[in-house]
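My numbering numbers the first residue of the sequence shown as 99 and each following residue consecutively.
Reading through the structure tokens given below for one structure.
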Amino acid sequence: MPTDRQQRSEATAEVETIYRELAARPVERACELRTECCQFQLTGRVPHLTMGEAIVAAKGLRASGRKELPEREDGACPMLDGKGRCLIYAARPFGCRTHFCKAAGGPMERRSVVDLIHRLDTLDARLGGDGARLIGDAIEAALERFY
């Protein structure tokens, strides 16, 4: 049985591979880091992360020098810093990479990424996850278990 550390390492590698494959797809994206899509109270949309994605996001959070999620009372993404910048942009979740932001090119069609979604779901099951969870809940669970 692999240790949590081994699972974390393998999950990180697999999710990063999925993110690279997503970036290589011929879909026009032009994220300008405007973070309007990160204002969940305005958009009404909150990303849901599988356990593998949460591990990568938690790693990004730890790399920013933080050990726990920042408190947010304004309804914005907990990954935004005090200046409104994403703390984990390079490690941002799949949903943030394929989001609905018009400025970035609008949503990616599900059929163009469904194979990657299935791989994330399969990894989630292998890690003992219970399906995609709200970003804050998912990252907290990954921090507790793997960090």
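Beta carbons: idealized from backbone N, C-alpha and C, even for Gly.
query: Are the segment 131-142 and the segment 205-212 in contact at 8 Å, needing three or more beta carbon pairs?
result: Counting Cβ pairs under 8 Å, fewer than three are found: no touch.
- prompt: If you draw a straight line from the C-alpha of Ile245 to the C-alpha of Leu185, how long is it?
  reply: Taking the first residue of the sequence shown as 1, we reach residue 245 at position 147. Taking the first residue of the sequence shown as 1, we reach residue 185 at position 87. Here the sequence assigns Tyr to residue 245, which means Ile is not the residue at that position. In a straight line, the C-alpha of Tyr245 is about 17 Å away from that of Leu185.
- request: Would you decide whether Gln105 is buried or exposed? Buried here means 16 or more other CB atoms lie within 10 Å of its CB.
  value: Counting from 1 along the sequence shown, the entry for residue 105 is found at position 7. By the neighbour-count rule (16 or more Cβ atoms within 10 Å), Gln105 is buried.
For Ala189 and Gly239, the rounded distance between their alpha carbons: Within the sequence shown, numbered from 1, the residue matching residue 239 stands at position 141. Within the sequence shown, numbered from 1, the residue matching residue 189 stands at position 91. The question names Gly, but residue 239 in the sequence shown is Ala. Cα-Cα distance, rounded: 17 Å.
message: If you measure between the beta carbons of Ile153 and Ala111, is that distance less than 8 Å?
response: On the sequence shown, position 55 is the one that residue 153 refers to. On the sequence shown, position 13 is the one that residue 111 refers to. No Cβ-Cβ contact shorter than 8 Å links Ile153 with Ala111.
field: Backbone CA spacing between Ile237 and Pro205 [nearest angstrom]
entry: For the purposes of this step, residue 237 is identified with residue 139 of the sequence shown, where counting begins at 1. For the purposes of this step, residue 205 is identified with residue 107 of the sequence shown, where counting begins at 1. Separation of Ile237 and Pro205 (C-alpha to C-alpha, rounded to the nearest whole angstrom) is 23 Å.
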